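**Student:** Numbering (the numbering used here), first residue to last: 947 to 1170.
Cβ coordinates follow ideal geometry from the N, Cα and C atoms, glycine included.
Just so we're clear, the structure is a prediction, and the values are computed from it rather than from any experiment.
Dropping a structure here in C-alpha cells format, bear with me for questions.
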C-alpha cells in the first residue's frame, strides 16, 4: 500500500467514524440497535474496511459494543454510567478552565469572546436553535485552550457522550448560561486560574440540573 493510499484509508475511517458517531448521538441509531458493516457501508458510500476501523474506534470510546456471534450494536449505558459522565466532566472541565487561564493564546481568547458575543445575541433574540452548536464550540475551544491535547480530547469525547445520553432542556436559562460563559472567559483572560475553575464548576452544576436521560429504559438496565 502506498503512502497516499494509506492516508486516504485513514481519512476515510476518520470520516466514517465521525458520521456514525453523529448518527448515534442524534438518535438515528438508538441504543441496542445492530450496526452491520454492510448497512453502514451502504449508508455512507464506502467499503467495509473503513467501517470496520470506525467501529473499533467507537467501541473504544464506549459508543459501540461488540459481542461474540452477535456483532456490533449501539451501546446501552446504565444510569450509573450516565451519572458518571456528568461527574467526570464536573472534575475535568474546571481543570481545563484553570489551565486555559494559564496557557490560552490570544487566538483562543479571540474565538471565545466571539462565541460569547454570538451566544448572548442569539439568547436575547430567542434564536435558541443556534445555541447548542455555539455552546459546543465554546466548550471545545475552552478545552483546547488548556494546552493539553489529552485533556481536550477527553473533554470533547465526554461532551459527545453527554449529548448522546442526555436531553438538554436549558432553553429557559439560555441568557444565564451565556453570562456564565462570559464570566469564565473574563477569568481566563485575566489569568485567574482559581476563579476560572470555580466558575466552570458552578456552570456545569447549573447545566446538569436541566438535563434528563434520553433513554430511560435502556439506561436503567443492569449489566450481566
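Taking a contact to mean a Cβ-Cβ separation below 9 Å, would you say residue 1156 touches residue 1115 in this structure?
**Tutor:** Taking the chain shown and counting its residues from 1, the one referred to as residue 1156 is at position 210. Taking the chain shown and counting its residues from 1, the one referred to as residue 1115 is at position 169. Taking 9 Å as the Cβ cut-off, residue 1156 and residue 1115 qualify as a contacting pair.
**Student:** Rounded to whole angstroms, what is the Cα-Cα separation between residue 1161 and residue 1111?
**Tutor:** For the purposes of this step, residue 1161 is identified with residue 215 of the chain shown, where counting begins at 1. For the purposes of this step, residue 1111 is identified with residue 165 of the chain shown, where counting begins at 1. Spanning the two alpha carbons is a distance of roughly 7 Å.
**Student:** In the DSSP assignment, find the alpha helix (DSSP H) that holds residue 1144 and state where it starts and stops.
**Tutor:** One-based indexing of the chain shown puts residue 1144 at position 198. It spans 1139-1155 - the alpha helix (DSSP H) in which residue 1144 sits, taken as one unbroken run.
**Student:** Got a sec, what are the start and stop residues for the alpha helix (DSSP H) residue 1132 sits in?
**Tutor:** Position 186 of the chain shown, counting from 1, holds the residue named residue 1132. Looking at the DSSP string, the run of the alpha helix (DSSP H) that includes residue 1132 is 1120-1136.
**Student:** Mapping DSSP to helix, strand and coil, what is residue 1068?
**Tutor:** Here the question's residue 1068 lines up with position 122 in the chain shown. Three-state result, residue 1068: helix.
**Student:** Restricting to Cα atoms, I'd like to know which of 962, 1018, 960 and 1013 is closest to residue 982.
**Tutor:** Along the chain shown, read from residue 1 onward, the residue named residue 982 stands at position 36. Comparing C-alpha distances from residue 982 to each of 962, 1018, 960 and 1013 shows the shortest one belongs to 1018.
**Student:** From the DSSP output, in three-state form, read off residue 961 for me.
**Tutor:** Walking along the chain shown from the start, residue 961 turns up at place 15. Reduced to three states, the DSSP call for residue 961 is helix.
**Student:** Please classify residue 1093: does DSSP put it in a helix, a strand, or coil?
**Tutor:** Counting from 1 along the chain shown, the entry for residue 1093 is found at position 147. Assigned with DSSP and collapsed to three states, residue 1093 falls in coil, not helix or strand.
**Student:** For residue 1092, count neighbouring Cβ atoms within 10 angstroms of its own Cβ and tell me buried if that reaches 16, exposed if not.
**Tutor:** Walking along the chain shown from the start, residue 1092 turns up at place 146. So residue 1092 counts as buried.
**Student:** Using a 10 Å radius around the Cβ and a threshold of 16 neighbouring Cβ atoms, would you call residue 1014 buried or exposed?
**Tutor:** For the purposes of this step, residue 1014 is taken as the residue at position 68 of the chain shown. Its Cβ having fewer than 16 others within 10 Å, residue 1014 is exposed.
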